[in-house]
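Enquirer:
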Amino acid sequence: MEIKLTLNGKPLTAEIDADTLLIDFVRAHGCDSVKRGCETANCGLCTVLMDGTPVLSCSVLAARAAGHHVQTLEGLQAEAEDFVGFIADQGAEQCGFCNPGFVMNTIALLRENPDPTDDEIRAYLAGNLCRCSGYEGQLRGIRAYLDSRKGDA
Amino acid sequence: MAETNFRVVNQPVRKKDAMQLLLGKPAYVDDVTPHDCLVVKVLRSPHAHALIEEINTDIACKVPGIECIFTYKDVPQKRFTMAGQTFPEPSPYDRLILDQRVRFVGDAVAIVAGETEKAVDKALKLIKMKYQVLEPVLDFHTAKDNKILVHPEDNWRSLCPVGADNQRNLCASECGSHGDVDAVLADCDEVVEHTYHTKACQQAMMETFRTYTEIDHYGRLHIISSTQIVFHVRRIIANALDIPKSKIHVEKTRIGGGFGAKQTVVAEVYPALVTWKTGKAAKMIYSREECQIAGSPRHEMEVKVRVGANKDGVIRAIDVYTLSNTGAFGEHGPTTVGLSGHKSIPLYTGNLEAHRFAYDVVYTNVQAAGAYRGYGATQGIFAVESAVSELADRLGIDPVAIRERNMVREGQIMHAYYNELASACALDRCMARCKELFGWNEKYPVRDMGNGKVRTAGVAMAMQGSGISGVDVGSATIKLSDEGFYNLSIGAADMGTGCDTILAQMAAECLDCSVDDIAVFGADSDASPYDSGSYASSTTYITGKAVEKACAQLKENLCKIAAGMLDCGVDEVEFAGRAVRKLDGTGEVSLFDIATKSMCGNETSVQATASHTSPVSPPPFMVGMVEIELDKETGQVDVLDYVAVVDCGTPVNPNLARVQTEGGIVQGIGMALFEDVTYEPTGRIAENSFMQYKIPTRLDMGKLRVEFESSYEQSGPFGAKSIGEIVINTPSPALAHAIAHATGVWHRELPITPEKVLWGIKKGQA
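Chains A and B are the protein sequences, given in the same order.
Heads up: the first sequence begins at 0 in numbering that gives the first Met the number 0, then just goes up one per residue.
Heads up: the second sequence begins at 0 in numbering that gives the first Met the number 0, then just goes up one per residue.
(1) Give me the Cβ distance between ILE317/B and LEU338/B, rounded to the nearest whole Å; I'm assuming they're in contact under 8 Å.
(2) Kindly indicate which three-state DSSP category PHE24/A falls into: helix, strand or coil?
(3) Excluding five sequence neighbours on each side, which residues of the same chain lie with their C-beta closer than 8 Å to the C-beta of ALA49/B?
(4) Starting from SER32/A, find everything on chain B with Cβ-Cβ shorter than 9 Å and list it in chain order.
(5) DSSP three-state label for TYR71/B, please.
(6) What is the rounded straight-line gap between the Cα of ALA492/B and the Cα of PRO528/B?
(7) Are any of the Cβ atoms in chain B nearer than 7 Å to that of ASN98/A?
(8) For the segment 76-109 of chain A, which residues have a beta carbon sitting closer than 8 Å to at least one beta carbon of chain B?
(9) Does the beta carbon of THR729/B sit closer than 7 Å to a beta carbon anywhere in chain A?
(10) Between which two residues does the alpha helix (DSSP H) containing MET18/B stretch?
(11) Have a look at ILE684/B and TYR692/B and give me their C-alpha separation to the nearest angstrom.
(12) Take GLN10/B as the anchor and find which of ILE760/B, LEU502/B and ALA281/B has the nearest alpha-carbon.
(13) What are the residues in the segment 29-59 of chain A lying within 7 Å of chain B by C-beta distance?
(14) Helix, strand or coil: which one does DSSP assign to MET0/B?
(15) At what residues does the alpha helix (DSSP H) containing PHE230/B begin and finish?
(16) Give me the DSSP bridge partner(s) of LEU55/A.
(17) What is the residue span of the alpha helix (DSSP H) that LEU510/B lies within?
(18) Could you give the distance in angstroms between the alpha-carbon of SER132/A and the alpha-carbon of LEU698/B?
(19) How many angstroms separate the CA atom of ALA766/B from the CA atom of ASN165/B?
(20) Suppose the cutoff is 6 Å on Cβ atoms and the five residues either side in sequence are ignored; what does the same chain contact list for CYS498/B look like?
(21) Taking C-beta to C-beta, are PRO619/B and VAL665/B nearer than 7 Å?
(22) Taking only beta-carbon atoms, is SER147/A less than 7 Å away from chain B?
(23) Starting from ASN654/B, find everything on chain A with Cβ-Cβ shorter than 7 Å and list it in chain order.
(24) Here's a check: name, in chain order, each residue in its chain whose Cβ is nearer than 6 Å to the Cβ of ALA459/B, leaving out the five neighbours to either side.
(25) Using a Cβ cut-off of 8 Å, which residues of the segment 680-694 of chain B contact any Cβ in chain A, in chain order?
(26) Which partner residues does THR210/B have in the DSSP bridge list?
(27) Should GLU674/B be labelled buried (16 or more other beta-carbon atoms within 10 Å of its own) or exposed?
(28) Could you name the residues of chain A that THR742/B contacts, counting a contact when the two beta carbons are closer than 8 Å?
(29) Work out the CA separation of PRO617/B and MET0/B for me, nearest whole Å.
(30) In the DSSP assignment, the alpha helix (DSSP H) including TYR269/B goes from what residue to what residue?
(31) Along the chain, where does the beta strand (DSSP E) containing CYS170/B start, and where does it finish?
(32) So within the segment 68-139 of chain A, which uninterrupted beta strand (DSSP E) runs reach at least 3 residues, ignoring any that extend past its ends?
(33) May I ask which residues mark the beginning and end of the beta strand (DSSP E) holding ARG353/B?
(34) Is there at least one Cβ from chain A nearer than 7 Å to LYS40/B's Cβ?
(35) Nearest to CYS290/B by alpha carbon, out of ALA171/B, THR752/B and ARG43/B?
Laid out in C-alpha cells, this is it:
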C-alpha cells in the first residue's frame, strides 16, 4: 500500500506492506536513532513524536502514520542539544542505547511542562528503561538544565 | 599515601562519545552495517532434552528469498566453548554450532538465512521436525550423578583441571580450606547455618546480542559485533568453524550495554557460519525473547553457609558450599562459582581462624549461564552477608558493630583470597562514612508509620577483584601524530562504561596534555594491541597500567628525536608536555615540530606499545545501607534511601564511577526484589519478555547517594582499583536484612517479592 506522511519535516510517499511497523519504516528511511529494545512496548527506546505526541513506534503500524507528522531525534537535534549536554556532564548517557528514546520523551515533557518537579520527571519518563545509569544521573542532568534556565531568566 | 594531585585523572571529564550518543547518531552494529544483507535467524527447540530424528527443510527452502538452511549435519563436529576467556579456557569444550541432541527449551536446531525477515520467518515455520523426546534434568539438586546425562558425548572435553566430569553432569568441582574449620566451628558459641538461593537473572542490556558478518576484499571473514571480547571472538569463531584464526577479523562498534552478557559469543557463530558458507554478508539480531531464553544469564546458585562466632561477636570460622547451575553448557561455569567463596569469605578476614570453600557446578537442561556483573561474588555475598546479619541478630549485636569488629583491614593477609595482601583497603572508612551519611542509628530501629507500614534499614559489605591475576593482559599503543595530537589504540572494549575516556585521561595525565588531544581507537583484532577484553573488572587496573607504560616509552622516543633536533644528548632534555626542552633552559622544540619531524627524514618511532599483567587482583570494597518502607498488609517493599560508600582506589573519573555505582545498585535492587526466572514443568522459562521480567524503572528506587572513600593501590594506575562489578553486590543482602528486621522473617531466596514477604508475615503469625 502507498502512504504519504511527513518525516522530520519532509513530505514522503512510500510503498509499504500493510503490516510494516513504524519503527522499521523510520529506520529504513535513515532514522537510525530509533532503537528496538523489546518487542512488547515495555522499554521506551523506540519513542517518536507523532503530531508532537510521543508514541512507541514498535507498536504503531506505519500505515497509521499516514497523513501525520512524524519526528525522530534526527529532526529535533537543536531542541535536544539544548539540554543533553547537561546529561553528558553527569556521565549518565553510559552505553547510549536508550538515550534517543528518553531524550525524545524529555523533549515532549518539557514542551508540555517546562518546569517539572523531580517526581514529575520520574513519572513522565517512567516508561523509558535504562539498564546502565540507575536513572539518578539522568535526573541530575535534567535538573541542572532546568536550574540553568532559571539562572538565565 | 602516594601523590593524588592529578591534573586530568580524578576529574569528572565528559565521556568522549557522550554527545554523539545523546543525539542519537548512528553508532551501533545495526546502524553502521548494511541493511541489505542476509537476515539470519535460528529455529529453537521446544523440548528441554531431545534427539533430533528428522529435519525436513525441503518446503522451507522453497520460500522465495531463502538463501540457505543449515542443520546439525552441516556444521563442524569439533566441540568448542562460547565463553570469552583466555586460552586454555576453564570452560569445557561442550558445544557444536548445531547438535543432534538439544539440551534446553530454546536450544538452536536450525539456522535460516534469507533476503528478508518475512521470508526467514515463513521458512522457520515450514521446517518439519521430528524429535525423540528425552527426560530432562531440570532440578539442579539432582543433577550430579544423575542417570540422565546432559553431555554423554565422547568428544566433550575439559582443557583445565577444574574437576569437570561429563559422565557425572559435573562442569567443575573443588574444595579448598585454611585451618580446621570443623574444629573451630565446634568451639564457637554460636553457629548460623543456612542455605541461600539466587536465580538466573538476565543482564537485560538494552541492546540485544547482534553481529554482522561479511567476506572482506582479502577473502577473510570480517565480523562486526557488539562484543566485550574481540580477540576471544576471533579464537572462538575459528574453533567453531574449524578454520584458521588468520582468516578472521573482528571489530566492535559502540556497545549498547554488556554487563558480561557479551563476554560470551552468543550470536556471532550463526551469521559467521552463513557468511563463511555462502560468501554473502549476513546479520543476526537477537530478539528480546531470545535474550531471555537463549542468552548467557547469571548462574543460579545455592550457597550453604556456616558462620561461627563467640558471644562477643568475634567471627572465627566460615564454611561455604556452593551448588551452581551452569545449565545446558558450561560457559563461565568453573570460574563464576569460585568468586562465591573467594570474594565473600575474605570480607571477614579480621579474626578468621579457619575457612573452607567447596563447590559443585552441574549441568542441567535449562538455558546455559554465563558472565554477569559480579560473576559469582554477587551470589556468595548475598549468602555470607545475610548469614552474618542473622548471626548479629542472634547475638543481639548491632549488625554494623559486628562488621566493624570483623572486617578485613589494610595490611591483613586474606587467606580466602588466594593469600593476597589487602594492600589498599578503606573498608573501615567506608563503613564509618556510610553510617554517618545514612544515619544508621536513627534509621535501623523499626519505626511503625501508623498506617500499616514500617520503616527500617539493612546493611551489607562487598568486595570484588581488579582483573584476573596472572592471566589478564592489557595493552595500549600510543602514537604522536600531526600537529602534536596523540592516537591511543586499545583492545579493551568500551561498553558504555567509559573506558575509552578514562584511558585517554590517563594518557593525558602522563603526556601532560588535554583529553581532547587524545584520539581513542578500539577495539579491532587486526589493528588493536592484544587485550583479553573488558571483563573481570580489569580495564582500568590492567589496561590503564599498560597506557602508563606505553606513554613512558613514547616520551623516551620523543626526547630522542628532540635531542637530535636540538643537537644535544638525550640526557640533556626533558619531556614537558607541549614541548621537549633542554634542562639548562637554552632551547626547546615543540611537540608540533617533533610531530612534523617524525614524518620527514626520521627513523625513531613515534609510537609505543606496552602490555601489562598483574600477579595480584586488588579488591575494591564498599558498604551499602538501605532504608525501606514495608507495607505489612500487601508485602510491598519501597526503597526509600540507598547510601553507598565505595573504595575503588583513585576514582579515575568520579562522574563515571558514580554512575557505575548508581547503575549497579539499581540492577541489584531489581535482582533482590523483582527479577525472577521460573521454569514451567517442560523447562520453558516463563519470564521471556520485559512484560514478565521486570527490571527497575525510575519509580522503583528512592534516593540514591554515593560517596568514595579512596585507598591508594600502588600497583594500579594512579592508585586505581576497579569499580564495574562490585557495585551490584550489596542490594540483595542489605534488602534481605532490612526486610527481616521489619518482619522477623529471613528470606533466603531471591527475588523477595511482595507475595513472599506477605506469606512470610502470615506464616510468622500462625
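Cβ atoms here follow ideal geometry from the backbone N, Cα and C, with glycine treated the same way.
Expert: By the coordinates alone:
(1) Contact flag wrong, Cβ pair sits at about 15 Å.
(2) helix
(3) ARG100, VAL101, TYR130, GLN131, VAL132 and LEU133
(4) LEU22, GLY23, LYS24, PRO25 and ASP30
(5) helix
(6) 12 Å
(7) yes
(8) GLN76, ALA79, GLU80, VAL83, GLY84, ILE86, ALA87, ASP88, GLN89, GLY90, ALA91, GLU92, GLN93, CYS94, GLY95, PHE96, CYS97, ASN98, PRO99 and VAL102
(9) no
(10) 17-21
(11) 10 Å
(12) LEU502/B
(13) ASP31, SER32, GLY36, CYS37, GLU38, THR39, ASN41, CYS42 and LEU44
(14) Residue confidence is low: MET0/B scores 48 on pLDDT, short of 50, so the model does not pin down where it sits. No coordinate-derived value is stated.
(15) 229-240
(16) THR46/A
(17) 498-510
(18) 14 Å
(19) Outside the modelled stretch of chain B, which goes from 0 to 765, sits residue 766/B, for which no answer is possible.
(20) ALA491 and THR538
(21) no
(22) no
(23) GLN89 and GLY90
(24) GLU384, GLY623, THR729, PRO732 and ALA733
(25) SER688, PHE689, MET690 and ILE694
(26) SER224/B and MET283/B
(27) buried
(28) Here the premise fails: no neighbours, minimum Cβ distance about 27 Å.
(29) Legend: pLDDT at MET0/B = 48, less than 50; position of this residue unreliable, value from coordinates given subsequently. Going from the Cα of MET0/B to the Cα of PRO617/B covers about 16 Å.
(30) 268-277
(31) 169-177
(32) 68-70
(33) With the sequence shown as reference, residue 353/B is identified as Ala, and Arg is not the correct amino acid for it. Looking at the DSSP string, the run of the beta strand (DSSP E) that includes ALA353/B is 353-362.
(34) no
(35) ARG43/B
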